[in-house]
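K.L.:
Start counting at 1 in the sequence shown, then tack on 2, and there's your number in this note's numbering.
Built from N, CA and C at the ideal position, the CB exists for glycine as well.
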Amino acid sequence: MTGFASDARAMSLIAFIAVISVTLLLCVMTAPDRDDLGEFYTGYRSLSPLRNGLAIAGDYVSAATVLSTVGVIALTGYDGLVLTLSTALSLVLLMFLLAEPLRNAGKFTMGDAFARRAPGPAVRVTACLVTLAALLPLMVVQLAGAGDLIAFVLGFGAAEFKTGCIVMLGLLMIGYAAIGGMKGTAFIQAVKTVVLAVSSLAVAALVLHRYGWNPGRLLGEAAKGSGAGPAYLSSGLQFGGDSLDMISSQLTVVIGAASLPHITMRMYSARSARAVRRSLSWAVSAVVVIALALIVIGFGAAAVVGRRAITEADPQGKTSLLLTSQAIVGTHASTLGTLLFTAVATAIFMTLLASISGMTLACANSLAHDLVAHGVRGRAGVRDATETNTARVAALAVGIPAIALAAAAQNHNLQPLVTLSFCLGASALAPALILSLFWRRYTRAGLLCTLIGGTVFTAVVMTGTKLVSGSPQSVFPAHDFNWFPFTTTGIVSIPFGFAAGWLGTALSRRDVYGQRRRYEAVEAWILAGARH
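1. Taking 9 Å as the threshold (C-beta atoms), are Q144 and A65 in contact?
2. Tell me whether D236 sits in a helix, a strand or coil according to DSSP, three-state version.
3. Thinking C-beta only, is G183 closer than 9 Å to A33?
4. According to DSSP, simplified to helix, strand and coil, what is F189?
5. What separation, rounded to the nearest whole angstrom, lies between the Cα atoms of G149 and P232?
6. Does DSSP classify S471 as helix, strand or coil?
7. Of all the options V462, V278, P217, I181, which has the alpha carbon lying nearest to the alpha carbon of N367?
8. Just to confirm the assignment, what range does the alpha helix (DSSP H) spanning C130 have?
9. Distance check for A285 and M267, CA to CA, integer angstroms please.
10. Jot down the residue ranges of each uninterrupted beta strand (DSSP E) in the stretch 313–364, minimum 3 residues, whole runs only, in chain order.
11. Indicate the three-state DSSP secondary structure (helix, strand or coil) for F241 in the structure shown.
12. Using CA coordinates, which residue listed in A480, M97, L173, D372 is at the minimum distance from P121?
13. What are the start and end residues of the alpha helix (DSSP H) that includes I292?
14. Bridge partners for T459 per DSSP, in chain order?
15. State buried or exposed for I493, treating a residue as buried only when at least 16 other CB atoms are found within 10 Å of its CB.
16. In whole angstroms, what is the alpha-carbon distance linking I330 and V169?
17. From A260, F189, E389, P123, pick the residue whose C-alpha is nearest to that of S50; which is it?
18. Is D536 buried or exposed, if buried means 16 or more other CB atoms sit within 10 Å of its CB?
19. Measuring CA to CA, which of D9, Y178, R126 is closest to V395?
20. In the structure shown, what three-state DSSP assignment does F424 receive?
21. Starting from the C-beta of T457, find all residues in its chain whose C-beta is less than 7 Å away, skip the five residues before and the five after it, and write them out in chain order.
22. Pull up the distance between the alpha-carbon of T86 and that of T507, whole angstroms please.
23. Near E525, what residues of its chain come up, given a Cβ to Cβ distance below 8 Å and the 5 sequence neighbours on each side ignored?
24. Taking just the CA atoms, how far does S281 sit from S274?
25. For a test of the three-state rule: what should DSSP assign to F18, helix, strand or coil?
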């Protein structure tokens, strides 16, 4: 049982049911009226910059990000702060480097952006497989965490209850993606972003109010509550003083988060280059506001709750946000405390629903559009109605395995899966996007080497990291086959991804001149949206 009051748990349950009912209704109301590819995949690019920007921010700030951010800051202080700011910086990178070229080069999926440069079923199928490899681990983590979180809030500890929550949320995510398409999931993401921002700001304001709106006093109390003293406010707690490990993690977050397919797919729903820039401006603003609020809450968790209580509830601190919201209103009226706790729990619940549905949609779109319509069927193609129905079935094909894996893995440390997703984004997808969008000599062979080589190399190196073995927090704490000295693979796998693309291009001999001329024919459109 949790320490939360029974009225808070009851209100949270009512709020969860209300959220499910309202979001399903909204998803049906905004769903495509007919089986039209443009409407299902992009909503006919009819989303306003504000709504699209809030949806991008919603996809960007996943449940894993929200919960782990507060926990990492509460437990490691300065290191957690730096990683949080790296997350916001990643969106700025997407805004200035990739957003507009992606919108110009792509149509519905990342496979479209690659095929603009190197047409062919091999590129499409590979892009689809890498998309699944990058997003499925993140979906499993969020679903597994959802069962623990809902059980924690409602006060149920039975494994059967947690499994039931995972199945329920998994079926909901399939429904959102299959019914709502781009417009439906975007609307849910936008609402979730607003609710999360408001509730986070409210808790952050109460934390600052408790310490007289004095950040210095808050930091001092956080250092005391952390048990680490002055070391809490300096670098070294999270990575044992290994600066290279911290740099590797920062590179992975900054480059990887900007390249994950469920983020990049939102670029294709902007109606113009100007609209995508305005959308990213709104997204950056929303993410920065939420990140700043989470930073305050993270330090507040260390100060108000304390390291011992945080780690007793969850060793990785993922319940810190809920514990802080409960503790901070303890001196206020019970009604206010119940309402605030319910608002925070509802915001996290909406974040879980929206984040997983966005990832499911990205995977389903890639399966239907890249694998089936342009990969398996090739030049024969499929009708629009058939492809749309295939995308809906693909949501089920992605969701069922994710539910099964999450239910099976819910009692294990899943941090390596989160890290794997970001490493694949940084080491395979980001190099492939950057090289295909900006390098004239890049060939189909180079693109395939980047995608396949970056993915395989990252997966192999990940098995030797500290997250898998060799430490009490690893997946296999009783074993030590740790041969890679860092927590993430980014410091070696990101250069490898670029090197694989260069080597594949240098060694390719097949129609190099033709491939370069094909790119030059669309270069002006990709980089500036200008037609010949």
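P.N.:
Answer, in terms of the structure:
1. Here residue 65 refers to the residue found at position 63 of the sequence shown. Here residue 144 refers to the residue found at position 142 of the sequence shown. Yes, Cβ-Cβ distance for A65 and Q144 is below 9 Å.
2. Numbered from 1 along the sequence shown, position 234 holds the residue referred to as residue 236. Note that residue 236 corresponds to Ser in the displayed sequence, not to Asp. Correct three-state label for S236: coil.
3. As a working mapping, residue 33 is identified with position 31 in the sequence shown. As a working mapping, residue 183 is identified with position 181 in the sequence shown. The answer is yes: Cβ separation under 9 Å.
4. As a position in the sequence shown, residue 189 is number 187, starting the count at 1. Helix at F189.
5. Locating residue 149 in the sequence shown gives position 147, counting from the first residue. Locating residue 232 in the sequence shown gives position 230, counting from the first residue. Taking the straight line joining both Cα atoms gives about 36 Å.
6. As a position in the sequence shown, residue 471 is number 469, starting the count at 1. Here S471 sits in strand by DSSP.
7. What you label residue 367 is simply residue 365 of the sequence shown in a count that begins at 1. Out of V462, V278, P217, I181, the CA that lies nearest to the CA of N367 is found in I181.
8. Translated into the one-based positions of the sequence shown, residue 130 becomes position 128. It spans 123–156 - the alpha helix (DSSP H) in which C130 sits, taken as one unbroken run.
9. Translated into positions along the sequence shown, residue 267 becomes position 265. Translated into positions along the sequence shown, residue 285 becomes position 283. Each residue's Cα considered, the two are about 14 Å apart.
10. none
11. Sequence index remark: in the sequence shown, residue 241 carries index 239 (1-based). Here F241 sits in coil by DSSP.
12. The sequence position of residue 121 within the sequence shown is 119, counting from 1. Considering only alpha carbons, the answer is D372.
13. The residue labelled residue 292 in the question sits at position 290 within the sequence shown. Per DSSP, I292 belongs to the alpha helix (DSSP H) from 275–302.
14. On the sequence shown, residue 459 is found 457 positions in, with the first residue counted as 1. One point to set straight first is that residue 459 is Phe, not Thr, in the sequence displayed. None; F459 has no bridge partner.
15. Residue 493 sits at position 491 when you count from the first residue of the sequence shown. Under this definition I493 is a buried residue.
16. The residue you call residue 330 lines up with position 328 of the sequence shown. The residue you call residue 169 lines up with position 167 of the sequence shown. Taking the straight line from one Cα to the other gives about 33 Å.
17. As a first step, residue 50 is located in the sequence shown; it is residue number 48 there, counting from the start. The shortest C-alpha separation from S50 is found at F189.
18. Since the displayed the chain opens at 3 and closes at 534, residue 536 lies outside it and no answer follows.
19. Locating residue 395 in the sequence shown gives position 393, where the first residue counts as 1. Measuring from the Cα of V395, the nearest candidate turns out to be Y178.
20. Start at 1 with the first residue of the sequence shown, and residue 424 comes out as number 422. Three-state result, F424: helix.
21. The residue labelled residue 457 in the question sits at position 455 within the sequence shown. Within the same chain, T457 has close Cβ partners V132, A135, L426, A430.
22. As a first step, residue 86 is located in the sequence shown; it is residue number 84 there, counting from the start. As a first step, residue 507 is located in the sequence shown; it is residue number 505 there, counting from the start. When rounded, the distance between both Cα atoms is 36 Å.
23. Residue mapping note: residue 525 aligns to position 523 of the sequence shown, counting from 1. Same-chain partners within the cutoff: R442.
24. Position 272 of the sequence shown, counting from 1, holds the residue named residue 274. Position 279 of the sequence shown, counting from 1, holds the residue named residue 281. Rounded to whole angstroms, S274 to S281 spans 10 Å at the Cα level.
25. By one-based count along the sequence shown, residue 18 stands at place 16. F18 falls in the helix class under three-state DSSP.
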